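The sequence shown begins at 1 in full-length UniProt numbering and counts up one residue at a time. Report on one structure; see the data block that follows.
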Amino acid sequence: MIDLNQYEVLTFDCYGTLIDWETGVIEALQPVLDAHQIQLSENGILELFARFESQLEQGEYRKYKDILQGVMQKFGEQFGFTPSAEELTALADSVKYWLPFPDTVEALKILKQRLKLAIISNVDDDLFAFTAKHLQVEFDSVITAEQVESYKPYEQNFQVAIARIGIPSTKILHVACSIYHDIVPAKSLGLSTVWVNRRFGKEGLGATVPAVSNPDLEVPNLKTLAEMIQL
């Protein structure tokens, strides 16, 4: 068990950890698939999303809106349809409407009373600006993929964050739902990590690709972490 009192800054992955992106992804993709008479389970949608997104993020940097358009194109290629202009932007257009998990906002408000909070997210600046309104707390630092021009799990996203936050990495605790995007690279740089296992009790890996690591702490939600830090 790690000593939660030793940290000064909590860094968060946003989408999947604070924001229920899996619901957002399904609600954006399901109508497109229905329109083309494609039957696919929710887990199937998420698994393909995870595969396509990770493939596109490994190439030359493009804004996340373009990544999401690429994901929709790949769904079309997979199932033999050509997305309309409206369908092509459906995922990117939906991000501003993705909502926090029920426990997120209250937990962030509690944590903000004791610690500085930062975001390290695979997103564009303007998309996060919409999301920030839903989260209802002011973050001390926000590091996006657009600013770094690369996507997690590349270590440089975390290196930039550590440098910008400006305190020893031993005082930073990274909190995330994705082993692949976050826990693996954060651990490789010596950061302590909390795995928020939002899919506890569910089948499949959801919207992330498989990866293996050993987080320092596992919690089922952010409320649990806030309660532990309050003790």
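C-beta: ideal position from N, C-alpha, C; glycine also. Note that the structure is a prediction, hence the values are computed from the model and not measured.
Range of the contiguous beta strand (DSSP E) that encloses residue i
| i | result |
| --- | --- |
| S54 | First-last for S54: 42–57, but that is the alpha helix (DSSP H), not the beta strand (DSSP E). |
| L217 | 217–219 |
| L10 | 9–12 |
For residue j and residue i, believed in contact at Cβ under 8 Å, the rounded distance
| i | j | result |
| --- | --- | --- |
| A90 | V32 | 6 Å |
| A226 | A107 | 4 Å |
| V175 | V160 | Actually they do not touch by this definition, with Cβ atoms about 18 Å apart. |
| K74 | D124 | About 19 Å; that fails the 8 Å criterion. |
| P102 | L135 | The pair is not a contact, with the Cβ atoms about 13 Å apart (cut-off 8 Å). |
| S213 | V184 | 5 Å |
| K171 | Y7 | 6 Å |
Beta-carbon proximity list for residue i, same chain, < 6 Å, skipping 5 on both sides
| i | result |
| --- | --- |
| T208 | A50, S178, Y180 |
| M72 | P83, L88, L91 |
| K96 | F130 |
| I38 | F79 |
Residue i - containing alpha helix (DSSP H), residue span
| i | result |
| --- | --- |
| L29 | 21–35 |
| T193 | Not the alpha helix (DSSP H): T193 falls in the beta strand (DSSP E), residues 192–196. |
| A67 | Position check: residue 67 holds Ile in this sequence, whereas Ala was assumed. 64–79 is the extent of the alpha helix (DSSP H) around I67. |
| V184 | 184–188 |
| K202 | Taken as a continuous stretch (DSSP letters only), K202 belongs to no alpha helix (DSSP H), as it is neither H nor E. |
| S94 | 90–94 |
| E227 | 222–230 |
Sequence-distant residues of the same chain with beta carbon closer than 8 Å to residue i, five excluded per side
| i | result |
| --- | --- |
| G204 | N43, L46, E47 |
| K109 | Q136, V137 |
| E155 | P185, S188, L189 |
Cβ neighbours of residue i in the same chain (closer than 7 Å, five flanking residues each side left out)
| i | result |
| --- | --- |
| L40 | L33 |
Which complete beta strand (DSSP E) runs does the stretch 99–182 hold, if anything under 3 residues is left out?
116–121, 141–144, 172–176
So, does the stretch 132–146 touch the stretch 116–124, judging by three or more C-beta pairs under 8 Å?
yes
The stretch 162–172 / the stretch 6–22 touching (three or more Cβ pairs under 8 Å):
yes
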